[in-house]
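J.: Take this structure first; my questions come after.
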Amino acid sequence: MTDFIHRFEPARDAGSPPLLLLHGTGGDENDLLGLGQMISPGSALLSPRGRVLEHGMPRFFRRLAEGVFDEEDVRRRARELGDFVAEARRHYGIAAPVAIGFSNGANIAAALLLLKPDVLAGAVLLRAMVPLSDPPNTDQAKPELGGKPVLLLSGQADPIVPSSNSAKLAALLSDAGARVDHNVLPAGHQLSQADVTLARKWIGNISAKAA
Ligand code: MLT
C-alpha cells in the first residue's frame with residue numbers, strides 16, 4: 499500500500515462510519531486511536547502518519563511559520579492523502595471515512611474537503627484554520643460538498659487560531675455546500691472533554707441519519 503505509515507483497526511460495528519484519524523504536529527499514527535474509540539466505539543479506524551517532518555516532528559504539510567502555510571505543499575499533500583485513502587478503502591474494504599483531525603490534521607482534512615470533496619463522508623475539525631488563502635483551485639472549478647456534514651470545534655482562547663479565522667473556515671465550507679456545525683468552546687488549542695462529548699454526539703447523529 500501507498501507509503502504512508504499507518505494503523506488500521508477493523509470495525510466492530512458495521513453500522514458505524516469508518517474514521518480517518520489525522521494527528522497534530524509532532525504526533526503519529528498511534529495518537530488519536532484512543533480518541534477515535536471514544537468518539538465512535540465500533541468504527542473502523544484508519545490512522546496515517548503525516549509524511550512531512552518539521553525538526554523531526556511529523557506533519558501533513560509544510561508550513562513557513564506557525565499559521566503560515568506552504569500552499570503548494572498543502573495541495574500536493576492533500577492529493578497524496580486522498581490517493582492513500584482511496585487505496586486504503588480498496589485494500590481494507592471500507593466506505594468513505596469521516597475525518598477526525600486535530601490541529602495540523604484538521605487543517606489537512608479541511609484542505610481535503612475543499613480540494614477533493616469525494617474523499618471524505620464528513621469531518622470533525624478540531625482547532626482547524628483556513629488551509630488555503632484562495633480556494634477553490636485548479637483541481638476542480640468549485641468544490642461541491644453536497645450537504646456533507648462537518649463539525650468544527652474551536653477554542654475561544656486558542657492562541658494559534660484567531661476566532662475570525664475559524665469563522666472564515668466555517669463560511670468557506672458552507673459556501674462549498676457542506677452542512678457545518680460550528681461550536682466555539684471555552685478552551686484553548688488543546689482538546690477538552692467537551693470536544694469528545696460533542697464529537698461523539700455528532701457522530702451518533704450522522705450515523706443514525708445514514709442508517
Ligand atoms: C498548522 O501548522 O497546521 C497549524 O499551525 C496548527 C499546528 O500544527 O500547530
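The sequence shown runs 499 to 709 under this note's numbering. Positions of the beta carbon are idealized from the N, C-alpha and C atoms, including for glycine.
(1) How would you label PRO515, buried or exposed, when you count the other beta carbons within 10 angstroms and need 16 or more for buried?
(2) Once you ignore the five residues that flank GLY548 on each side, which residues in its own chain have a CB closer than 6 Å to its CB?
(3) DSSP three-state label for GLY644, please.
(4) On a CA-only basis, which of PRO657, PRO647, ALA542 is nearest ASP679? Give me that one, please.
(5) Do LEU519 and SER545 have their C-beta atoms within less than 8 Å of each other?
(6) Below 8 Å, can you find three or more Cβ-Cβ pairs linking the segment 589–607 to the segment 501–516?
(7) Which residues share a DSSP beta bridge with GLU570?
(8) Please write down, chain order preserved, every residue whose beta carbon lies under 7 Å from a heavy atom of the ligand MLT.
(9) For THR636, which residues in the same chain have their Cβ closer than 7 Å to its Cβ, ignoring the five residues on either side in sequence?
(10) Does GLY486 pass the burial test, meaning 16 or more other C-beta atoms within 10 Å, or should it be called exposed?
(11) Whole angstroms is fine: what's the gap from LEU712's alpha carbon to ILE598's?
(12) Classify THR523: buried if its beta carbon has 16 or more other beta carbons within 10 angstroms, exposed otherwise.
(13) Which value, in whole angstroms, describes the spacing of the CA atoms of ASP632 and LEU530?
(14) Tell me the DSSP secondary structure of ARG677 in three-state form.
(15) So what's GLU527 in DSSP terms, helix, strand or just coil?
(16) Which word fits LYS707, buried or exposed, when buried means at least 16 other C-beta atoms lie within 10 angstroms of its C-beta?
(17) Quick one: what's MET555 bridged to in DSSP?
(18) What would DSSP say about SER541, mapped onto helix, strand or coil?
(19) Report all residues from its chain with a CB closer than 7 Å to the CB of ASN703; omit the five preceding and five following residues, and keep chain order.
(20) Hey, could you find the ends of the alpha helix (DSSP H) LEU467 is sitting in?
(21) Between SER541, ASP693, ALA668, which lies nearest to ALA608 when the distance is taken from Cα to Cα?
T.: Quick look at the numbers:
(1) With 16 or more Cβ atoms within 10 Å of its Cβ, PRO515 is classed as buried.
(2) Taken in chain order, the residues that qualify are PRO556, ARG557, PHE558.
(3) GLY644 falls in the coil class under three-state DSSP.
(4) The shortest C-alpha separation from ASP679 is found at PRO647.
(5) Going by C-beta atoms, LEU519 is nearer than 8 Å to SER545.
(6) Touching, per the Cβ criterion.
(7) DSSP lists no partner for GLU570.
(8) In chain order, the hits are GLY522, THR523, ARG557, ARG561, GLU564, GLY565, PHE567, SER601, ASN602, ASN605, MET627, ILE658.
(9) Because THR636 sits at a pLDDT of 42, beneath the cut-off of 50, its placement in the model cannot be relied upon, and the following sentence gives the value as read from the coordinates. For THR636, where only same-chain residues beyond five positions count, there are no Cβ hits under 7 Å.
(10) Because the chain here runs from 499 to 709, residue 486 falls outside it and cannot be looked at.
(11) Coverage of the chain is limited to positions 499 through 709, which leaves residue 712 absent and any answer about it impossible.
(12) By the C-beta density criterion, THR523 is buried, having at least 16 other C-beta atoms within 10 angstroms.
(13) Straight-line measurement puts the Cα of LEU530 at about 30 Å from the Cα of ASP632.
(14) It is a strand residue.
(15) Three-state DSSP puts GLU527 in coil, outside helix and strand.
(16) It is exposed - the Cβ of LYS707 has fewer than 16 other Cβ atoms within 10 Å.
(17) Looking at the DSSP output, MET555 bridges to GLU552.
(18) Secondary structure at SER541: coil, using DSSP grouped into helix, strand and coil.
(19) Same-chain partners within the cutoff: there are none.
(20) A query on residue 467 cannot be resolved here, the shown segment of the chain reaching from 499 to 709 and no further.
(21) Among SER541, ASP693, ALA668, the Cα nearest to that of ALA608 is on ALA668.
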